[in-house]
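Participant: Quick note on numbering: the sequence shown equals residues 185 to 452 in the working numbering. Note that CB positions come from ideal geometry on N, CA and C, so glycine has one too.
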Amino acid sequence: MSRLPLLHLILLSSILYKSSAASNKAADTLLRLLPPAAETLNSNVLVNVAGDDPNEAYCESWRLSVETNNAGNWKKISSRCASSVEAYVRGPQYALDSKVVSRLAQNYAKNIRLAGDGMDSWIFDVDETLLSNIHHYFAWEVMNETVAAEQWGASTKSPALPWSLWLYKKLQGMGFQLILLTGRKETHRNSTEQNLLAVGYHSWEKLILRGNLDAGKRAMAYKSEKRAELVAQGYRIHGSSGDQWSDLMGEPMARRSFKVPNPMYHIP
Numbered sequence: 185m186s187r188l189p190l191l192h193l194i195l196l197s198s199i200l201y202k203s204s205a206a207s208n209k210a211a212d213t214l215l216r217l218l219p220p221a222a223e224t225l226n227s228n229v230l231v232n233v234a235g236d237d238p239n240e241a242y243c244e245s246w247r248l249s250v251e252t253n254n255a256g257n258w259k260k261i262s263s264r265c266a267s268s269v270e271a272y273v274r275g276p277q278y279a280l281d282s283k284v285v286s287r288l289a290q291n292y293a294k295n296i297r298l299a300g301d302g303m304d305s306w307i308f309d310v311d312e313t314l315l316s317n318i319h320h321y322f323a324w325e326v327m328n329e330t331v332a333a334e335q336w337g338a339s340t341k342s343p344a345l346p347w348s349l350w351l352y353k354k355l356q357g358m359g360f361q362l363i364l365l366t367g368r369k370e371t372h373r374n375s376t377e378q379n380l381l382a383v384g385y386h387s388w389e390k391l392i393l394r395g396n397l398d399a400g401k402r403a404m405a406y407k408s409e410k411r412a413e414l415v416a417q418g419y420r421i422h423g424s425s426g427d428q429w430s431d432l433m434g435e436p437m438a439r440r441s442f443k444v445p446n447p448m449y450h451i452p
């Protein structure tokens, strides 16, 4: 096979580059001309960018975006996915996803050498992490948020998430001090304790709830402040489990954080 002269190769490369650039420019122009997404409500609501994709495929991708925090500060389930999300949380996949998270957390915890001074800790969120409110949520989602939160906190009938209870007991057996850090109000302490004890949680080190001075604080700011107080008291926070990114993010963070699945709601 004869070789192309160097000049011909240079000219061919130039043509291909210009062709590629022109295609990219055309694609960019096309994207700019596409109509806006159908479900764009405002900047705080997850935008539906699915186009004509089948609902089942889109809703799986939507749920992945929520769990990986790519969805940002979304507020409600996409209308296309409401039934899909309900089927997910009531079906076997939700339990399996929770199992995998708990197994990974246990594997991490097994490799930690505890100091034996009672200051090696693990933090758990409560709602949708230790306790499941699925049976409440789909009945309450149309209610006023403030009223729903009050009834939620006052309830003593939420079941345990089975794999979170499993992890809780495993960590307890390893010698970790278990600290429960929840956005529930201090006025709900008795009902929260009753509910936790009734479904198998016991002997926690601390149960931290929102006091009057915490009212109005965003979840991430509130929980970061409480973790800072724990660190100041000498606790080493090896791990943290929560269903919201706001349970886990913000300084100081745990050495490892484990996100429990929850595509039902978002708390910033």
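Pull up the CB-CB distance for S342 and N374, whole angstroms please, since I reckon it's below 8 Å.
Facilitator: About 15 Å separates the two Cβ atoms, so there is no contact after all.
Participant: Taking the Cβ atom as the reference point for each residue, do G434 and A405 lie within a distance shorter than 8 Å?
Facilitator: yes
Participant: Note down, in chain order, each residue of its chain lying with its Cβ closer than 7 Å to the Cβ of M437, except the 5 sequence neighbours on either side.
Facilitator: none
Participant: Considering only the alpha carbon of each residue, which of W388, V383, W246 lies closest to I363?
Facilitator: Checked all of W388, V383, W246; the closest Cα to I363 is W388.
Participant: Out of W258, L380, G359, K407, state which residue places its alpha-carbon closest to the alpha-carbon of Q514.
Facilitator: Any property of residue 514 remains undetermined from this structure, which presents the chain solely from 185 to 452.
Participant: For T313, does the count of other Cβ atoms within 10 angstroms reach 16, so buried, or fall short, so exposed?
Facilitator: T313 should be labelled buried.
Participant: Using the Cβ count rule (16 or more neighbours within 10 Å means buried), how would you classify N396?
Facilitator: exposed
Participant: Could you check what DSSP says for H320 in three-state terms: helix, strand or coil?
Facilitator: helix
Participant: Could I get the ranges of all uninterrupted beta strand (DSSP E) runs contained in the region 396-452, with 3 residues as the minimum, in chain order?
Facilitator: 420-426, 440-443
Participant: Measuring straight from C-alpha to C-alpha, what distance separates G256 and Y449?
Facilitator: CA-to-CA, the gap between G256 and Y449 works out to about 12 Å.
Participant: Please tell me whether I392 and K410 are closer than 8 Å, where the distance is taken between their beta carbons.
Facilitator: Yes, Cβ-Cβ distance for I392 and K410 is below 8 Å.
Participant: Does the distance from the CB of S424 to the CB of I307 come in under 8 Å?
Facilitator: yes
Participant: Write down the C-beta distance between V269 and F442 rounded to the nearest angstrom, noting that I regard them as a contact closer than 8 Å.
Facilitator: Contact flag wrong, Cβ pair sits at about 21 Å.
Participant: Would you mind reading off the limits of the beta strand (DSSP E) that contains D304?
Facilitator: 304-308
Participant: Less than 8 Å separating the beta-carbons of P447 and Y272?
Facilitator: yes
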